[in-house]
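Q: Per the numbering used here, residue 42 is the first one in the sequence shown, and the count goes up by one each step. Provided herewith is a single structure, encoded as structure tokens, for subsequent inquiry.
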Amino acid sequence: MKRKTIFHLLLLLPMLVSFCFAQSKIQGKISDAKDQQKLSNATVMLLSAKDSILLDFTRSDENGNFSLNTPVQSEAVLIVSYPKYGDYYTEILPNQDYSALKVGLTSTAQLLQEVIVTGRIPITIKGDTTEYDAGSFKVEKNAKVEDLLKVLPGITVDASGKITAQGKTVKKVLVDGEEFFGDDPKLVTRNIRSDMVDKVQVYEKQSEQAERTGVDDGNKEQTINVKLKEGSKNGIFGKAVAGVGTDDYYNGQLMLNKFKGSQKISAYGLFGNNGGTSLSWEDAQKYGSDSGVSYNDDGMYFSSGGDDFSGSGSIGVPKVMNTGVNFFDKWKTDKHKLNLSYKYGKIESDGNETTNKQNNLENDIQFTDKVRNAKSDLTKQRMNLKYDLKFDSLTTLTIQGNASKSKNWTDDRSLSNTINKDGILLNSDSTNNSRNSNAQSFGLNAFLTKKFKKAGRSVSLNMNINRDENDGDGYLFANIQFYKDNVASKDTTDQYKKNDGNNTTKGATITYTEPLTKKLNLSLNYGLNKNDNNSSQFSYNRDQAGNYNVLDDRFSNDYSYDRFSNNYKVALTYKDEKLRANFTNSINDDQLKQSNNRSKEQVQRSFLTYNPNLNISYNITKGKGIYFSYSGRNQLPSLNQIQPILDNTDQLNLVIGNENLKPSFSNSFNVNYNSFKILSGSYTYLGANYSNQNDAFVQNITTDEESGKSIYRWENLTDKTNQSINVYGGFHFKLNKELGIENSPRIAVYGSKNYNMINGALNKVDVLNYSFTYAIFRNMKKGFDFDINLTPGFKTMNSSLQPDVNSNGFTFGSNGGATYFFPKKFKVYVNYDYTYEASTKAFATKFDQLLIHPGVSKKFLKNESLELDFTVNDILNQNKGFARSQNNSVFTQRRYDTIQRYYMLKLSWDFTKMFMN
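What follows is the structure in structure tokens.
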């Protein structure tokens, strides 16, 4: 019996082997993509995607058929070539069926006619880096890097200049591996010409600490590196734009660059009042400041001078001027690197705003209508320095410095009134608030890294000092009428205010890394940080002679707030070809001292907190991976929450402190999946974020139902948990390869549950938003190009105290444009933006707006460097600022002035002069 069984198995063995090989066969038919003619004797190669080793080889038969019998055990690339035809590439993955491939080859004559390839390989993969050959992709003459990125497979650029590469947002754009004008990618993408570019590289850039030590800490940023042609590294190039429009609108730009080898000198000037000066600065907090104190895990940022970039400057028609200059060079075989930059800006604005608020109380609803005029005049300037010194291959020093200065004038005038749900008038308010403020800061950072001969072993020292100063003065006049029992009472404020503040931060961190195995590394970190902060605000009433000499004790404050922190971190990092994991344990020991310099009272507090972090990424295949992260974070209460500087600028809403606040603790979970196919340019992404907060800081609001006046006090939420979740996903693929049409469906769901107290009652605020986006576009720079985005959605905003008066409603948005390229260098185009928000129970009126911006342009000169452009902004004259939001139990709707219809004639000149090396 046993012998018969063995005999039968031996008979079946050839069949099993044949079946297994049949499952691994790669078979298909090769033909001309245009006329479907069968192509015989075509070369078919199967290469390993990892190292390009040839796995198998064959030729097609007389009917164009081919077959490869090599089992596919890992990711591979199939390449088909034929004389006078462009090569064909496709990915081959294990455990997939490739038994009926249809390979359509395009003739080189047609390819050259379409200027799609130029005989070079358009895309290559080098390890974790995807490299595009810039000359293989067609763009218009004198196009910029931004235009080039739009036609690269797997890269998208939206109207604001935001770049997405392989499904991930790009945070940095480098030039020849170096930063160019700081952190603003648009200064690269809208300045450098595409015909100067040799290669475009996409990769995940490690943190500076990881690059120096060779130990992956899990911190990465999606990065694009623009590699210039050798012939483009010596010359002068730039762009000049001048535009004049109706209703006194104007726009001008000048970009000037001089490159000589590694040395790069660039300057720009932008001015206008049409919103066209869109090259952004670094974050506003680098120039202005926030009122109060904010914390992070390793330190604290403090200032009390007010934010120069918020409030009155956000509405109306701005007049903007931005200028900057940047210098970069490296010498002695990259031993020395120097990067210097200076920026100056001026913004003037004057605008009107209407605000409608609905405040849901337990037994009442209060409605506030407010009209406001805001004017501002802000000037700001900033200098940056970065110097890298490489002592040898193991030791590197980086010194960074910055200094900034700003001056701001604001004038804010408003009228408001508040009624209850029965229509009874509670109060009316007329306020004028004018203010001058000045701010300046400087910072210095030194980062020294020493690597040892043993790979992964290193020690680094990071030291920093920062100083912020601000001062200001102004006048407040407020006249409030309260109507209790139909009897009016007046509360008038007429004050001169003066404030001063400064913050000094000193810190040092030492880090040691040690390889435990070839794949496992240990990192030990100790840091100390000291903050010394002072803030004062004095308010003066008029005396009998009309002079502001009488000190108002209630609204005058003089505080010092100091913090000394010790931070201890232990991190383990594991890395192999597919898996990367980083687990960090952080313990903070914080000593805080708050001093009231007027009353001589002091409050001292100590906090010992633990903050764990975990990051895991797994590469399933090349271009396909999953990422998970967890972060646990303690947040300390801020000065504004413990003991706020009393401010009567808004006398209907006052904030008081709570010295008994304890830290809150939040848990954040994040999971992402990304799949990118380099040859087709298609990608898929899925993700979810969830967070909750225990002992959260929530506002306990006491609102007088007769006067409409509210007092805010921060408290810890002890028996409930604030929560939020965000789920999103999408994919991108070519809808029609021959016509160059691509599309990207996306979906997102966001929900949150937060709490606050209103007149002693617990209020739960539920938010749930759904949105679906479908984008379809063609970007071939010939014939008809278009870009259409459709986003229907539904928003829900509910307050538990008034569940029947919500702000739930349908939303719809769409934006995009179309361009038609005519002969004789003519181009006609139109851009549009449509917004719809339905009426809700909180807001009875809907918002419906369609903005259309048509234009026509013509290029001149042999090299098409001169362009005349005629545009119409908002041809239907419908543009009106609009926003809806919710904070605690308050629903808010804003309408404000924006730029409306105008006509503009614009002339632009791209100039370039390259020199021999």
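The C-beta atom is built at its ideal place from N, Cα and C for all residues, glycine as well.
1. Please report the residue range of the alpha helix (DSSP H) in which residue 251 lies.
2. I'd like the list of long-range same chain contacts for residue 626, defined as Cβ closer than 6 Å, with 5 residues on each side in sequence excluded.
3. According to DSSP, what are the bridge partners of residue 802?
4. Three or more beta-carbon pairs under 8 Å between the stretch 937-949 and the stretch 226-236, yes or no?
5. Measuring alpha carbon to alpha carbon, tell me which of 863, 925, 103, 952 ends up nearest residue 902.
6. Could you give the DSSP three-state label for residue 175: helix, strand or coil?
7. Are the stretch 598-607 and the stretch 529-539 touching, with three or more C-beta to C-beta distances below 8 Å?
8. Straight-line CA distance for residue 688 to residue 594?
9. Helix, strand or coil: which one does DSSP assign to residue 944?
10. How should residue 423 be labelled, buried or exposed, when 16 other C-beta atoms within 10 angstroms of its C-beta is the threshold for buried?
11. Going by other Cβ atoms of all chains shown within 10 Å of its Cβ, with 16 needed for buried, is residue 359 buried or exposed?
12. Going by the beta-carbon positions, is the gap between residue 726 and residue 715 smaller than 7 Å?
13. Can you check DSSP and say which residues form a bridge with residue 197?
14. What are the boundary residues of the alpha helix (DSSP H) that includes residue 692?
15. Is there a C-beta anywhere in chain C that falls below 7 Å from the one on residue 84?
16. In the DSSP assignment, the beta strand (DSSP E) including residue 623 goes from what residue to what residue?
17. Terminal residues of the continuous alpha helix (DSSP H) containing residue 294?
18. Exposed or buried, what is residue 457 when buried is set at 16 or more other beta-carbons lying within 10 Å of its beta-carbon?
19. If you draw a straight line from the C-alpha of residue 382 to the C-alpha of residue 237, how long is it?
20. Once you ignore the five residues that flank residue 102 on each side, which residues in its own chain have a CB closer than 7 Å to its CB?
21. Assign residue 533 to buried or exposed, taking buried as 16 or more other Cβ atoms, counted over all protein chains shown, within 10 Å of its Cβ.
22. Give the range of the beta strand (DSSP E) segment to which residue 820 is assigned.
23. To the nearest angstrom, report how far apart residue 387 and residue 491 are at their CA atoms.
24. Relative to the alpha-carbon of residue 185, which residue among 279, 142, 900, 516 has its alpha-carbon at the smallest distance?
25. Can you tell me the Cα-Cα spacing of residue 544 and residue 698, whole angstroms?
26. Roughly how many whole angstroms lie between the Cα atoms of residue 74 and residue 855?
27. Is it true that the CB of residue 509 sits closer than 7 Å to the CB of residue 482?
28. So, helix, strand or coil for residue 683, using DSSP?
29. Excluding the five sequence neighbours on either side, which residues of its own chain have a C-beta within less than 8 Å of the C-beta of residue 641, listed in chain order?
30. Within 10 angstroms of its Cβ, does residue 147 collect 16 or more other Cβ (buried), or is it exposed?
31. State the DSSP-derived secondary structure class of residue 322, mapped to helix, strand or coil.
32. When you compare only the Cα positions, how much space is there between residue 759 and residue 801?
33. If you follow the alpha helix (DSSP H) that residue 187 is in, where does it begin and where does it stop?
34. Do residue 894 and residue 872 have their C-beta atoms within less than 7 Å of each other?
35. Would you please state the rounded distance, in angstroms, between the beta carbons of residue 503 and residue 550? I believe it to be under 8 Å.
36. By how many angstroms is the C-alpha of residue 385 removed from the C-alpha of residue 447?
A: Result, derived from the coordinates:
1. The residue given as residue 251 occupies position 210 in the sequence shown. First-last of the alpha helix (DSSP H) with residue 251: 249-254.
2. Mapped onto the sequence shown, residue 626 falls at position 585. The answer, listed in chain order, is 611, 653.
3. As a position in the sequence shown, residue 802 is number 761, starting the count at 1. Paired residues: 799.
4. no
5. Here the question's residue 902 lines up with position 861 in the sequence shown. Nearest of 863, 925, 103, 952 to residue 902, Cα basis: 952.
6. Here residue 175 refers to the residue found at position 134 when the sequence shown is read from its first residue. DSSP places residue 175 in the helix class (H, G or I) of the three-state scheme.
7. At 8 Å Cβ cutoff, the stretches do not touch.
8. In the sequence shown, residue 688 corresponds to position 647, counting from 1. In the sequence shown, residue 594 corresponds to position 553, counting from 1. Looking at the two C-alpha atoms, the distance is approximately 12 Å.
9. Residue mapping note: residue 944 aligns to position 903 of the sequence shown, counting from 1. DSSP places residue 944 in strand when its eight states are reduced to three.
10. Working through the sequence shown from its first residue, we reach residue 423 at position 382. Buried: at least 16 other Cβ atoms inside 10 Å.
11. Position 318 of the sequence shown, counted from the start, is the residue given in the question as residue 359. Under this definition residue 359 is a buried residue.
12. The count along the sequence shown starts at 1 and reaches residue 726 at position 685. The count along the sequence shown starts at 1 and reaches residue 715 at position 674. Yes, the Cβ-Cβ distance between residue 726 and residue 715 is below 7 Å.
13. Position 156 of the sequence shown, counted from the start, is the residue given in the question as residue 197. Per DSSP, 205.
14. As a first step, residue 692 must be located in the sequence shown, where it is residue number 651. Where residue 692 is concerned, there is no enclosing alpha helix (DSSP H), given that its DSSP letter is neither H nor E.
15. No chain C appears in the structure shown, which is made up of a single protein chain.
16. Counted from its first residue, the sequence shown places residue 623 at position 582. 620-637 is the span of the beta strand (DSSP E), which, as asked, contains residue 623.
17. By one-based count along the sequence shown, residue 294 stands at place 253. Note, residue 294: premise wrong, no alpha helix (DSSP H); beta strand (DSSP E) at 291-301.
18. Taking the sequence shown and counting its residues from 1, the one referred to as residue 457 is at position 416. Residue 457 is buried by the Cβ-count criterion.
19. Translated into positions along the sequence shown, residue 382 becomes position 341. Translated into positions along the sequence shown, residue 237 becomes position 196. Those two C-alpha atoms are separated by around 23 Å.
20. Against the sequence shown, residue 102 aligns to sequence position 61. Only 81 meet the Cβ criterion.
21. Here residue 533 is taken as the residue at index 492 of the sequence shown, counted from 1. Residue 533 is exposed by the Cβ-count criterion.
22. Position 779 of the sequence shown holds residue 820. Looking at the DSSP string, residue 820 is not in any beta strand (DSSP E), and its letter there is neither H nor E.
23. Residue numbering aside, residue 387 sits at position 346 when the sequence shown is read from its first letter. Residue numbering aside, residue 491 sits at position 450 when the sequence shown is read from its first letter. Between residue 387 and residue 491, the C-alpha separation is close to 43 Å.
24. Numbered from its first residue, the sequence shown carries residue 185 at position 144. When only C-alpha atoms are compared, the closest one is 279.
25. By 1-based counting over the sequence shown, the position of residue 544 is 503. By 1-based counting over the sequence shown, the position of residue 698 is 657. Going by the C-alpha atoms only, they are around 21 Å apart.
26. If you number the sequence shown from 1, residue 74 lands on position 33. If you number the sequence shown from 1, residue 855 lands on position 814. Those two C-alpha atoms are separated by around 35 Å.
27. Counting from one through the sequence shown, the residue named residue 482 turns up at place 441. Counting from one through the sequence shown, the residue named residue 509 turns up at place 468. Yes.
28. Sequence index remark: in the sequence shown, residue 683 carries index 642 (1-based). Helix, per DSSP.
29. Taking the first residue of the sequence shown as position 1, residue 641 is located at position 600. Same-chain partners within the cutoff: there are none.
30. Reading the sequence shown from its first residue, position 106 is the one you call residue 147. Under this definition residue 147 is a buried residue.
31. Taking the first residue of the sequence shown as position 1, residue 322 is located at position 281. With a pLDDT of only 33 at residue 322, under the threshold of 50, the placement of this residue in the model should not be trusted, and no figure is reported.
32. Your numbering for residue 759 matches position 718 in the sequence shown. Your numbering for residue 801 matches position 760 in the sequence shown. So the alpha carbons of these two residues sit roughly 15 Å apart.
33. Taking the first residue of the sequence shown as position 1, residue 187 is located at position 146. Segment 186-191, the alpha helix (DSSP H) holding residue 187.
34. Against the sequence shown, residue 894 aligns to sequence position 853. Against the sequence shown, residue 872 aligns to sequence position 831. It is a contact, given that the beta carbons lie within the stated cut-off.
35. The residue given as residue 503 occupies position 462 in the sequence shown. The residue given as residue 550 occupies position 509 in the sequence shown. 5 Å between Cβ atoms; contact.
36. In the sequence shown, counting from the first residue as 1, residue 447 sits at position 406. In the sequence shown, counting from the first residue as 1, residue 385 sits at position 344. Going from the Cα of residue 447 to the Cα of residue 385 covers about 10 Å.
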